[in-house]
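Here the structure comes first, spelled out in structure tokens, and everything after it is commentary.
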Amino acid sequence: MKWSELKPGVQYAIIGGACLLVGAGVTAAVLLSRTEKPATIVGTLPEATATVDATGTAVPTETVDVVVVTPPPTKQPTPSTPAPKPDNRVFGQLKGIRDESGGAWTDLWIDIDTADFLTGQKALDYLTSIGDQDFYNAKYWYVRQEGAAVTSYHLPSSSAQTKVKVVMYTWPNTPAPGFYGSSMTPQNVGFGEFYDEIYMYGDTKSLRNRYYWFTVTNDVCTKLEEQPRDPYYEP
């Protein structure tokens, strides 16, 4: 049936129903649009610049500059020159003087058979230990050999004839027999003369193998002083 053939009342009814259907569709579309989730926005978020404390309050993060403190360099002590060794007096028998420089007197050595110088109770104890206590005399001195080894010391490498002092009590002049004491006159002898007596003139006075006190400074022997063979000397 054509629209024009319909009665006016029927046409109005159809139009009204169509309007209702259209309104219902619009209403449904609006309601559906409210229930949809919002679209997800994809983007780069800035880095967080705040921290959350225990109470949930955002606390701005402070940037702390770390300063590395380098300790000042430790000043090293200035090397000091070691103090010279104190003079050392060595007692023993003179065994010889050697010239290792071939006559130039620049490398002289003195050889000493070191020993202990004993008097008084130490001497008596030593003599008793070897069964010779009957030979003890309080006016005498005694020798305890330390061993068979010979100790060698340098002599001055230059001008030894003037730098080495030699003090004798029984040579070149021989005192009269008697007990030696503080009244003995020391005789200062040149080292060259002392050396020549031993090695040029045959050591007729047996200057070797006598007992001496040797003064040693920084491992260099600078003085020889005779110790008489016995407190009571009989030539």
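Taken in order, the sequence shown gives residues 385 to 619; the numbers are from my numbering.
By construction, the Cβ of each residue, glycine as well, lies at the ideal position given by its N, Cα and C atoms.
Own chain residues within Cβ distance below 8 Å of residue i, not counting five before or after
i	result
D587	E581
V604	Y537, H538, L539 and P540
P559	Y553, M568, T569 and Y617
Sequence-distant residues of its chain with Cβ nearer than 7 Å to residue i (five each side left out)
i	result
E609	V551, Y596 and W597
S542	T490
Y510	L502, Y526 and R528
DSSP state of residue i mapped onto helix, strand, coil
i	result
G504	helix
T601	strand
K589	coil
A432	In this prediction, A432 scores a pLDDT of 45, lower than 50, which makes its location untrustworthy; the coordinate-derived value is nonetheless stated afterwards. In the structure shown, A432 sits in coil (DSSP, three-state: anything other than H, G, I, E or B).
A522	coil
T498	strand
I425	Any reading at I425 must be qualified, since the residue scores a pLDDT of 42, below 50, and its modelled position is unreliable; the value itself is stated next. Coil, per DSSP.
Q529	strand
Y596	strand
G486	coil
G576	helix
Q517	helix
Residue range of the alpha helix (DSSP H) that includes residue i
i	result
Q610	The sequence as given places Glu at residue 610; Gln does not occur at that position. Looking at the DSSP string, E610 is not in any alpha helix (DSSP H); the run it does join, the beta strand (DSSP E), is V604 to Q611.
Q545	A544 to K547
Unbroken beta strand (DSSP E) run spanning residue i, endpoints
i	result
Q477	N472 to D483
Y537	T535 to H538
Option in the options with minimal Cα separation from residue i
i	options	result
V548	P570, F575, S542 and S590	F575
T546	F578, R482 and P456	F578
T606	D483, W493, P455 and S485	W493
Own chain residues within Cβ distance below 6 Å of residue i, not counting five before or after
i	result
K479	D495, D497 and V534
D500	R528
Interface flag, residue i vs chain D, CB-CB below 7 Å
i	result
D500	As a matter of chain content, chain D is missing from the structure shown, which is built from one protein chain.
field: Stretch pair the segment 502-512 + the segment 473-492: three plus CB contacts closer than 8 Å
entry: no
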